[in-house]
Amino acid sequence: MSSHFESIDQVVNELADSSYIADRALATVLFLAHRLEKPIFLEGEPGVGKTEVGIVIARLFDTELIRLQCYEGLDSSTALYEWNYPKQLLHIRLEEQGKRERNKIEEIIYSPEFLIKRPLLEAILRSEEKAPVLLIDEIDRSDEEFEAFLLEVLSDFQITIPEIGTIKAKKKPIVVVTSNRTRDVHDALKRRCLYHWIEYPSFEKEYKIITVRLPGIESRFAKQVTRFMQKVRSVDFLKKPGISETLDWTRALMTMQRDYLDEDVVIETLGCIFKYQEDIKRFKEEIWADQETRAEYLGIDAPVK
Amino acid sequence: MTNDQTTLAGKVLCFAGFLKGRGFKVFQSSVHDALRCLEEISLEKKEDFFLSLRSNLATTDLEWVQFRELFDQFWARVNEEKILDKDELESERERQMENLDEEFLPDDHSDLSTAPDNSDKKDWLEGVVYSPVSMVEKKNLGRFDRGDVQVAQLALKKMMDPFKIDISRRSKRGRKSGNIDFPRVIRKSLKTGGIPLELFYRQKKKRLKRLVIIADVSGSMDRYARFVMPFLLGLRGIGSRAEVFVFSTSLTPITFMVRHLDVEKALKRIAMEVPDWSGGTRIGYSLHQFNQGHGERLLNRRTVVILLSDGWDLGGKDLLMREMVFLSRRAYSVIWLNPLAGDPDYEPLCRGMKSALPYIDYFLPADSLQSLKRVGRLLSRIMIH
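Heads up: the protein sequence lines correspond to chains U and P, in order. Start counting the first sequence at 480; every next residue gets the next number (the numbering used here). Start counting the second sequence at 81; every next residue gets the next number (the numbering used here).
Below you can see the structure in the form of C-alpha cells.
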C-alpha cells in the first residue's frame with residue numbers, strides 16, 4: 480500500500496480496501512490531514528467508529544499505532560515520560576559500594592536507561608524511519624492542563640527532558656484526536672486540527688459496514704438488522720446505539736445461529752443494543768408493546784405471529 | 081489563472097467573515113489552512129471544495145450541522161452576484177432592513193449604525209450589514225424566534241469560555257498524607273547519598289462547590305429555562321456535576337437525564353411524562369419537596385443553589401418563606417435568576433417574590449445573553465472552594 484496519498488479518490492478506495500466504509504467527507508479530511516500534516520479532531524456520539532479511524536490509518540500507512548487513552552488527572556508523567564524511581568533508588572544503593580562521585584551517579588541515573596517512555600514520547604522516538612499514528616482517545620476526559628500541555632507537543636513534536644535534552648521527531652506522526660463531547664475542548668487545540676463530526680451511519684452505509692465486517696452474513700438478514708437499528712435510532716433514547724452496537728448485536732445473533740429477526744430474539748438480546756435500564760424499559764413499553772410497530776421494526780418479510 | 085486564484089481566495093475570506101457574523105468561531109489560522117487545503121485538492125468537484133472548507137472552518141457539531149446551509153446560501157449569492165440586478169438587491173436589502181426595524185426599534189444606534197443605507201453592493205459579503213450575533217445578544221430571550229435560536233446557541237457556547245472553573249485532580253505538595261512525591265524524595269535523597277531519609281507527599285487540590293439548579297418550567301418560564309439551563313450546565317467544570325431539578329406544580333429531578341441528553345431533549349421528555357406540565361406554579365411546595373427529599377443529601381456549606389423562576393406563586397405565602405429560610409440556612413449561597421428583573425422598572429411586587437427576597441444572596445436578571453454573562457462571572461467567583 481502506498482504511503483502517499485495523491486487524491487481524495489485514492490483515499491476513498493484504500494479505505495474501502497482495508498474494510499473501513501467511509502464517506503467522502505472523512506476521506507477528504509484524511510487526505511488533507513496527510514497533506515497539510517495537521518492533526519484530525521474527530522467528534523461524534525459514542526460507538527460511531529472514531530477510534531477505528533486511527534486504527535485504519537495505521538493500517539493504511541502500514542505503520543505503528545500508539546494509543547493514548549485520556550482520563551481525568553492524566554498528566555505528563557503518564558502521558559510523556561517518567562523516571563523509574565525505584566530503579567534509580569536501587570541503583571544509588573548499589574553505587575554506594577563502589578567509589579563513584581556523586582555527580583557521576585546522577586548522570587547515570589538520569590540516563591535513558593532509567594526513563595519510562597509513555598505514549599507521547601514513544602510517538603516521537605518511533606518516528607525515526609516511519610511516522611507512527613498517534614491516537615489520542617477521548618480527549619474530553621482529560622483536564623485542561625493536559626490539553627494545554629498537548630498543544631505544545633502537537634505544535635512542534637519535540638519534548639524537552641531537562642536531564643537529557645530536547646528530543647525532536649524526525650517525521651511528524653499522524654495524529655488523531657477523538658472526543659465524545661462530554662465537555663468542550665479548548666479552541667486553541669481545535670484550531671490546530673481539522674475538524675470532523677462523525678454521524679450515525681445512513682442505511683446504505685450501515686448495511687455496507689455490516690456486510691464488510693461480518694462477511695458470513697446473509698444480505699436479507701443484514702438488511703433486516705440495519706432497518707431495525709435505523710428505526711431504533713429515530714427514537715430519543717438516552718443512549719442511542721451506535722454502529723459498534725449493531726456489529727456486536729449481529730455478531731451475537733450469528734453466534735446464536737440466527738439468520739432472521741423475530742420478536743423473541745429481539746427481546747432476548749436487547750442488552751446488546753441498549754445500555755441503560757431506562758432505555759430497555761422504554762423500548763419494551765413504548766415500542767415493543769404494539770403489534771404494528773413491532774412488525775414495522777422487524778421488516779415486512781419477517782414472519783408475523 | 082493566478083487572477084482566478086486570488087479572487088477565489090478573496091471569496092473564501094469573505095465566506096469566513098460571513099460565518100463569523102453568524103456566530104462561528106473562525107480563526108485566522110484556520111482560514112489560512114483552508115486556503116492551503118484548496119491548493120491540495122482539485123477544485124473541479126464542488127463537494128470536495130465544500131468538505132475542505134468545512135473541516136477547517138467548523139469546530140463544533142453545532143457549526144457542523146449549520147455549515148451546509150450557510151455554505152449554499154453564501155456561494156449561491158456569490159454566483160448570482162454578477163447576474164443580479166441592482167434593483168433586486170436593493171429591494172432585498174430593504175426587506176432586511178424592515179425586519180431589523182421591527183425587532184429593534186426601541187433602543188438601537190450601535191447596531192444599526194453599521195447598517196447599509198447607501199453602502200455599496202458588496203457589503204453583505206463582509207458580514208457587517210447583518211451580524212445576527214451582536215443583535216441577538218441584547219434581545220430578550222423570551223422573544224426569540226427560530227432563526228435566533230441557532231445564532232444564540234452558538235453565541236452561548238462562545239460566552240461560556242471565559243468563565244473557567246476548573247475541577248482538578250491534580251495534586252499539590254502536601255505535608256502529611258497523600259501519595260508519595262517520588263520525584264521530590266529522590267531529589268532530596270541525593271543529598272544523603274541516595275537514602276530517602278525524608279518523605280514528601282502530594283495532596284489533591286481543592287474542588288468546586290456543588291451546584292444545585294432548581295428551575296421553574298411552568299408555562300411562563302419554559303422558554304427562559306431552555307436557554308438558561310444549557311448555559312449553566314455548559315459552564316466549564318460546573319455542568320457535569322450539577323444536580324438539576326425542574327418544577328411547575330411539583331418537583332422532578334432531571335439530573336440523570338441532562339447527563340445523557342441535552343437539556344432541550346430532557347425538557348421535552350419530561351413535558352411528556354409529567355401530567356400537569358405547564359400548569360400553575362407552586363414554588364413553595366416544590367421547594368418543600370426539594371428540602372424534604374433531597375436537602376439532607378445535597379445541601380451543605382459547599383452548595384450553591386440557583387433558583388430560576390419569575391416568582392409567580394400560586395401556593396401559600398408562608399410555605400415559600402419557610403422553605404426559603406431553610407434553604408438559605410443550609411446552603412452556602414442562594415442565587416435567584418428572574419427574567420423579569422431585567423426590566424429597569426421591575427419591582428418584586430408579586431407575593432412569592434416579595435417574601436423570598438430577604439433570603440436570597442444574589443438576585444439577578446436572566447433575560448438576555450448579556451445578563452447571562454454576568455451570571456457566569458458571578459458563578460465562577462463563588463463556586464471555588
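From the three backbone atoms N, C-alpha and C, an ideal C-beta is built for every residue, glycine too. These numbers come from a predicted model, not from an experiment.
In this structure, Gln709/U sits away from Gly778/U, with a CB-CB distance that is not shorter than 7 Å. Within chain P, Ile266 have C-beta atoms less than 8 Å from the C-beta of Gln567/U, given in sequence order. Against chain U, the beta carbon of Ser110/P has neighbours under 7 Å at Arg670, listed in chain order. Inter-residue distance for Arg692/U and Arg730/U is about 10 Å (C-alpha atoms, whole angstroms). In this structure, Phe406/P lies away from Asn380/P, with their beta-carbon atoms at least 7 Å apart. Nearest CB-CB separation between Arg282/P and chain U: not below the 7 Å threshold. In the structure shown, Arg402/P falls within a helical segment according to DSSP collapsed to helix, strand and coil. For His483/U, the secondary structure class from DSSP, reduced to helix, strand or coil, is coil.
Contact between Asp128/P and Ile519/U is absent: CB atoms are separated by about 17 Å, not below the 8 Å threshold.
Note on Lys348/P: under 16 other CB atoms within 10 angstroms of its CB, so exposed under the neighbour-count rule. Against chain P, the beta carbon of Ala504/U has neighbours under 8 Å at Leu131, Arg134, Ser135, listed in chain order. Each residue's CA atom was taken as its position, placing Lys100/P and Ile752/U some 40 Å apart. For Tyr674/U and Ala96/P, the gap between their C-alpha atoms comes out near 16 Å. The shortest CA-to-CA distance from Tyr442/P to any of Tyr426/P, Leu449/P, Asn418/P, Ala114/P is the one to Asn418/P. Gly422/P is positioned such that its CB atom lies no closer than 7 Å to that of Pro438/P.
Residue Cys94/P holds the alpha-carbon nearest to the alpha-carbon of Phe154/P among Leu115/P, Leu277/P, Lys105/P, Cys94/P. The C-alpha of Arg290/P lies about 18 Å from the C-alpha of Val308/P. When the Cα atoms are used, Lys650/U and Val324/P turn out to be separated by approximately 49 Å. Residue nearest to Arg597/U within the set Asn563/U, Glu575/U, Phe510/U is Asn563/U (criterion: CA-CA distance).
Counting other Cβ atoms within 10 Å of its Cβ, Arg148/P stays below 16 and is therefore classed as exposed. Partner residues in a beta bridge of Ala421/P, as assigned by DSSP, do not exist. With a 10 Å radius around the Cβ and a threshold of 16 neighbouring Cβ atoms, Ser590/U comes out exposed.
As for any alpha helix (DSSP H) of minimum length 4 sitting wholly inside the region 551 to 598 of chain U, the runs are 555 to 558, 564 to 576, 581 to 588, ordered along the chain. Annotation: Cβ neighbours of Glu522/U in chain P (cutoff 7 Å, chain order): Asp141. Beta-bridge partners assigned by DSSP to Tyr755/U: none are found.
Counting only residues of its own chain and dropping the five nearest sequence neighbours on each side, Thr507/U has a CB closer than 7 Å to the CB of Ile487. Residue pairing by DSSP places Lys647/U opposite Gln637/U in a beta bridge. Rounded to the nearest whole angstrom, the CA to CA distance from Val106/P to Leu142/P is 14 Å. For chain P, the residues of the region 672 to 684 of chain U that bring a beta carbon within less than 7 Å of one of its beta carbons are Leu673, Tyr674, His675, Trp676, in chain order. About 11 Å separates the beta carbon of Ile363/P from that of Leu388/P, a gap too long to meet the 8 Å contact definition. Where Trp728/U is concerned, the enclosing alpha helix (DSSP H) starts and stops at 722 to 734.
Taking the C-beta atoms as reference points, Ile653/U is found no nearer than 7 Å to Ile500/U. Following the DSSP letters along the chain, one finds Ile294/P in no alpha helix (DSSP H) but inside the beta strand (DSSP E) bounded by residues 290 to 296. With 16 or more other Cβ atoms from the protein chains shown falling within 10 Å of its own Cβ, Gln567/U counts as buried. Around Ser723/U, the same chain offers Gly526 as residues with beta carbons nearer than 6 Å, after the five sequence neighbours per side are excluded. Sequence-distant Cβ neighbours of Thr139/P in its own chain, meaning closer than 7 Å and more than five residues away, are Lys105.
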